[in-house]
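Residue numbers (this note's numbering), protein chains in the order written: chain A, 1 to 297; chain B, 298 to 775; chain C, 776 to 1095.
Ideal Cβ placement from N, Cα and C applies to all residues, glycine included.
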Amino acid sequence: MSDRLSVFKTYKLYVGGKFPRSESGRVYEVTDSKGSWLANAPQSSRKDARDAVVAARKAFGGWAGATAYNRGQILYRVAEMLEGRKAQFVREVADAEGLSKSKAAEQVDATIDRWVWYAGWTDKIAQVVGGGNPVAGPFFNLSSPEPTGVVAVLAPQDSSFLGLVSVVAPVIATGNTAVVVASEKSPLPALSLGEVLATSDLPGGVVNVLSGRTAEIATPLAAHQDVNAIDLAGADDVLAKELEIAAADNLKRVLRPQPVDEVDWSADPGIDRMTGFLETKTVWHPTGSLGASGSSY
Amino acid sequence: MASVFEYAPAPESRAVVDIAPSYGLFIDGEFVEAAEGKVFKTVSPATEEVLAEIAQAGEADVDRAVKAAHKAFEKWSALPGAERAKYLFRIARIIQERSRELAVLETLDNGKPIKETRDADLPLVAAHFFYYAGWADKLDHAGYGANPRPLGVAGQVIPWNFPLLMLAWKIAPALATGNTVVLKPAETTPLSALFFADICRQAGLPKGVVNILPGYGDAGAAVVAHPDVNKVAFTGSTAVGKEIARTVAGTRKKVTLELGGKGANIVFDDAPIDQAVEGIVNGIFFNQGQVCCAGSRLLVQESIQDELLDSLKRRLSTLRLGDPLDKNTDIGAINSEEQLTRITSLVEQGEAEGAERWSPACELPESGYWFAPTLFTNVTQAHTVARDEIFGPVLSVLTFRTPDEAVAKANNTPYGLSAGIWTEKGSRILAVANKLRAGVVWSNTFNKFDPTSPFGGYKESGFGREGGRHGLEAYLDV
Amino acid sequence: MPTNASAAAHALTDVTASDSTLRRFLHGLPGVDAVGLEGRAASLGTRSIKTTAKAYAIDLAISMVDLTTLEGADTPGKVRALGAKAVHPDPTDRTTPATAAVCVYPDMVATAKEAVAGSTVKVASVATSFPAGRAPLTVKLADVREAMAAGADEIDMVIDRGAFLAGNYMKVYDEIVAVKSACGTSARLKVIFETGELSTYDNIRRASWLGMLAGADFIKTSTGKVAVNATPANTLLMLEAVRDFRAQTGIQVGVKPAGGIRTSKDAIKFLVLVNETAGEDWLDNHWFRFGASSLLNDLLMQRQKLATGRYSGPDYVTVD
């Protein structure tokens, strides 16, 4: 058998359901844990961030308005697609994080299982965190969770796939749309995830994936007036503080990074990453009009 | 022949409340002077009469109060929930017992009608303590996991529009969950918080669990910035809310913010018109419109605009403006000269931008801070009076043609606190409520509040919820 | 002051052109949110009416009472006593205003007329097979004519609630028109809806407009013979109706809550509703009445209290 020269993949951004190169035309070199070249990844600019926000905003109404069942179906479909491309992700995760094949496979399995877990949450979270309130008056009073809107997600730097999915899935499971900034040093699993999402019935723009310098992309996102929330998982303390200050301009919901020693992406995630990007809406309505039958109307 | 039914003055007795000439800061269970010895005066906005002289907290006082709260935290948080509950039940009951006194006090210090303090503020204050009292020993079942822990010292800064009610919204859940409190009331309305300090004394609340620091914005900023404050809760303007969000950036302080609003009250052509008119009036003239969730934008379907405006104007002509202590007063005084200036300038801007201004014939008292109920018609989304929160008795009237357009206009604001929908068509209520980006939606009613019902905003109206099970989260380490 | 005119003359004539136009009109009236309506009524009920305002309100309320006896056991003696009381409600204080009317069954009208002769007190007669109204139209009209012949100044008719609830609005309308015609120009017509049987506020609003379209001089809540009679909320709703009707047609119609109003405090609350809903044009016994019996004595006791500063007692007012 002769050594066949393999075909490299050109990694591209995933924005609005399409795979553009960076508007800036820049790429940067992505290496494995030992420093060997893996690929050139697009180095997104602030304009790419802007385009991604536009795409995410455009997708928000439809995605938030889809039935929870439908969102669950689509998220489960993502898990199915991931399962089919497991080998690719195992290789990318192994390269990115310097893991053995078997360790990387564990990570990928856990990641797929996490998609499944969140797929099942779409039509349950409202019952867990919402419900009727027994107000002292003739009113029907109902609190329901609603997605906050467009969420900028800074994916964790070290956990290139499990960490990534652990922050992206809860955001979209609850009906938000996301602009995801991939791990700066290990962006390839994130960019490949974009390819999976594109073939999973997920409407374009619900998830947008940008690679590049985290600080460069996150800064305009944190200041963007049409972004409703930001997950700072992938920011270090200094950047996180700067971004939180910028985010105050339009009072974004901010999910701060966990302290480094508490980060464990394999742990039970709980529901905090979903509730962090949910608003509670409370609707009041009178309950009169039964008519007079004796004592009162 | 018909005659005129003039209501004779029916003033609530001021004798039920005994205001001392001066008050200190309430720190570690005692009233003390401010470290720098500063004082300020609180006046009755209806008469400009000085009610009392109040110690003015500064940074050193904040530090002292936070230390006291920090010290008290260990024991208070370790108390069995059932014991904390009983303190809160005591407080709720004492508030009920003293409700007339507190209502008169609040009316004097704030300027709002006694009708409101008596029938809305005080009952809700007592109910809020009663509600959260019951949670104190049931936190395991609140949906935040087993044995959820308090955060520590809660720094709370509250506004002047519902002084005691906002205190209740802050203190009741904080104490129920085992936190201790440093609370700064607004500089124009410190008295009811200081009376609350006395209620804590009567209830036997341990020293340092509640500390009250009257003062200005600098004291509030010091509370927010203090390193030993673990939780910040603020109700007030969006501008200050943003400043707070910047201050706490990079810390582990948990924050909840209840900020401004520009609520849309949407009236469809099939609305129950008479009730809608009442809802519009209640939405914007309750508490002189100094309400963050006020329905300050009336969106009326163009096909019924004339009819609705006629009814609304007729109704506004029956509003009774005057002495807040008179039991028949509907519209009281504006809380401060500063606020009156702001309202006046925004209204002048509205006129300058071409909106049509209307007020009923309305005689304003000579002393005090007053503003007549005001309507603006011919308003578009582009007018300042349709975009900026006025926080006064000023309603901007806009029109729409279709439900889609109503929703688009209602959501076309950086705020997202409240909205109203008036229609007899149930499916439309549900559809529109679903699309409105607002934390509280009142359909065929407005400005209803309840301790069990979560309250809070979307977007620049802030984050976090107060009230109900949801309100516990702000004070738990979850 | 706007005065009543014949039903045919006003701006809404087309509405009663046919069964279907009438139905469309009534069903096109704005809906009523029950909680909001009751909330507004309760909120007006917190008005504090003191001193001079209270004195004014009590005298006004006394002057608005339709002093009523509608019992199977009514006798000429009972009706004469009622008439005397209506003319001089408080024999110890001749400054007390007379009531607006006495209200009796048709066979007692002649007796009542004699009893109030020479005073301002009118005689109102219930008619049309009060209280059920379940009789042929011919019988109802005969009932009215008997009362008129005996000298009744006012006729309090009941509507056919069965027809109304069956959606047979034109039948209800025609009956009112017929009765109105029988009243001619010599008697004012009060139309009783029996709001407790109509049950919903939407129905009460529709009935109010139906009655006014048919030429009612007054719309009246109830007979006093069912569980739910006049309430602040249903009276408020009817006041809104007369207010809106005048705005559209120029015709002013009166309102009479009846049954269940027993205390001065209640009566004053109703006057507040009138004042702040229909307005001062209705603050006159030509346009607003209380259908009541025991209310009068409570008003008199309150009046004595205001005059003397002492609380009065039931032995200081007359039992009939």
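Taking the beta strand (DSSP E) that residue i belongs to, which residues open and close that run?
i                  : result
Asn1004 of chain C : Unbroken run through Asn1004 of chain C: none, as it is neither H nor E.
Pro410 of chain B  : Pro410 of chain B -> no beta strand (DSSP E), and no H or E assigned at all.
Asn508 of chain B  : 507-509
His285 of chain A  : 278-286
Val1030 of chain C : 1029-1031
Trp719 of chain B  : 715-719
Lys372 of chain B  : From DSSP, Lys372 of chain B is part of no beta strand (DSSP E) but of the alpha helix (DSSP H) over 356-375.
Gln453 of chain B  : 450-454
Val179 of chain A  : 177-181
Roughly how far, in whole angstroms, is the beta-carbon of residue i from the beta-carbon of residue j, given that I think they are within contact range, below 8 angstroms?
i                  : j                  : result
Trp667 of chain B  : Ile640 of chain B  : About 10 angstroms separates the two Cβ atoms, so there is no contact after all.
Val691 of chain B  : Gly558 of chain B  : 14 angstroms between Cβ atoms; not a contact.
Val153 of chain A  : Val180 of chain A  : 5 angstroms
Ala41 of chain A   : Pro187 of chain A  : 5 angstroms
Gly736 of chain B  : Gly754 of chain B  : 5 angstroms
Leu606 of chain B  : Val694 of chain B  : 7 angstroms
Ala354 of chain B  : Gly512 of chain B  : 4 angstroms
Tyr485 of chain B  : Thr626 of chain B  : A quick correction: the sequence has Thr, not Tyr, at residue 485 of chain B. So it is not a contact: roughly 19 angstroms between Cβ atoms.
Asn741 of chain B  : Asn584 of chain B  : Not a contact, Cβ separation roughly 21 angstroms.
Ala1002 of chain C : Thr996 of chain C  : The pair is not a contact, with the Cβ atoms about 13 angstroms apart (cut-off 8 angstroms).
Ser211 of chain A  : Ser44 of chain A   : 6 angstroms
Phe993 of chain C  : Gly1029 of chain C : 4 angstroms
Pro286 of chain A  : Ala809 of chain C  : 7 angstroms
Nearest to residue i by CA position, among the options, is which residue?
i                  : options                                  : result
Met883 of chain C  : C:Leu985, C:Ala836, C:Val919, C:Thr871   : C:Val919
Gly378 of chain B  : B:Ser396, B:Arg446, B:Arg611, B:Asp358   : B:Arg446
Ser374 of chain B  : B:Ala424, B:Gly449, B:Met463, B:Gly560   : B:Gly449
Leu162 of chain A  : A:Ala233, A:Glu216, A:Ser143, A:Val206   : A:Ala233
Met1013 of chain C : C:Ala910, C:Lys1031, C:Glu950            : C:Lys1031
Ala430 of chain B  : B:Ile316, B:Ala473, B:Asp685             : B:Ala473
Ala703 of chain B  : B:Val564, B:Lys756, B:Asn584, B:Gly592   : B:Val564
Val597 of chain B  : B:Asp325, B:Val422, B:Asn407, B:Phe697   : B:Phe697
Met987 of chain C  : C:Gly893, C:Thr1006, C:Glu950            : C:Glu950
Val738 of chain B  : A:Leu142, A:Val7, A:Ala169               : A:Leu142
Val54 of chain A   : A:Gln225, A:Asp237, A:His285, A:Lys252   : A:Gln225
Asn70 of chain A   : A:Leu202, A:Thr219, A:Ala59              : A:Leu202
Ser319 of chain B  : B:Leu491, B:Asn458, B:Pro308             : B:Leu491
Thr998 of chain C  : C:Arg869, C:Thr895, C:Ser818, C:Arg936   : C:Arg936
Asn978 of chain C  : C:Ile1036, C:Ala938, C:Ile1043, C:Lys965 : C:Ala938
Met81 of chain A   : A:Ala182, A:Val238, A:Ile112, A:Ala66    : A:Ile112
Thr282 of chain A  : A:Ala235, A:Lys185, A:Leu221, A:Pro134   : A:Pro134
For the alpha helix (DSSP H) that residue i lies in, which residues bound it at each end?
i                  : result
Asn298 of chain A  : Past the edges of chain A, shown from 1 to 297, lies residue 298 of chain A, and the structure says nothing about it.
Gln636 of chain B  : 634-649
Ser1087 of chain C : Neither: Ser1087 of chain C is in no alpha helix (DSSP H) and is coded neither H nor E.
Val90 of chain A   : 86-97
Gln598 of chain B  : It is not in any alpha helix (DSSP H) - Gln598 of chain B instead sits in the beta strand (DSSP E) that spans 594-598.
Ala105 of chain A  : 101-121
Report the start-end ranges of each beta strand (DSSP E) in the region 1034-1061 of chain C that is 3 residues or longer and not cut off at the edges. none
Between the region 594-617 of chain B and chain C, which residues of the former have CB atoms less than 7 angstroms from a CB of the latter, in chain order? Thr615
Given a limit of 9 angstroms on CB to CB distance, which residues of the region 917-947 of chain C reach chain B? none
Going along the chain, which unbroken runs of the beta strand (DSSP E) with 3 or more residues stay wholly within the region 854-919 of chain C? 876-879, 897-902
Just list the alpha helix (DSSP H) runs in the region 924-960 of chain C, keeping only unbroken ones of 4 residues or longer that don't cross its boundaries, in chain order. 936-940, 944-958
Along the region 272-292 of chain A, where does the CB come closer than 9 angstroms to a CB of chain B? Name the residues. Asp272, Thr275, Glu279, Thr280, Lys281, Thr282, Val283, Trp284, His285, Pro286
Proximal residues, the region 822-855 of chain C versus chain B, C-beta separation under 8 angstroms: Arg822, Ser823, Ile824, Lys825, Thr826, Thr827, Ala828, Lys829, Tyr831, Ala832, Leu835
Under 8 angstroms, CB to CB, which of the residues in the region 554-570 of chain B have a partner in chain C? Asp567, Ala568, Pro569, Ile570
Scan the region 242-269 of chain A for residues whose Cβ lies nearer than 7 angstroms to a Cβ of chain B and list them as they occur along the chain. Glu244, Ile245, Ala248, Asp249, Asn250, Leu251, Arg253
Entirely enclosed alpha helix (DSSP H) segments - the region 723-772 of chain B, minimum 4 residues: 723-732, 767-770
For the region 126-143 of chain A, which residues have a CB atom closer than 9 angstroms to at least one CB atom of chain C, in sequence order? Gly137, Pro138, Phe139
Mind listing which residues of the region 727-741 of chain B have their C-beta closer than 9 angstroms to chain A's C-betas, in chain order? Leu727, Ala730, Asn731, Lys732, Leu733, Arg734, Ala735, Gly736, Val737, Val738, Trp739, Ser740, Asn741
Give me the subset of the region 1013-1025 of chain C whose CB atoms are less than 7 angstroms from a CB atom of chain B, sorted by chain position. Glu1015
Please list the residues of the region 413-424 of chain B that have a C-beta atom closer than 9 angstroms to any C-beta atom in chain C, keeping them in chain order. Arg415, Asp416
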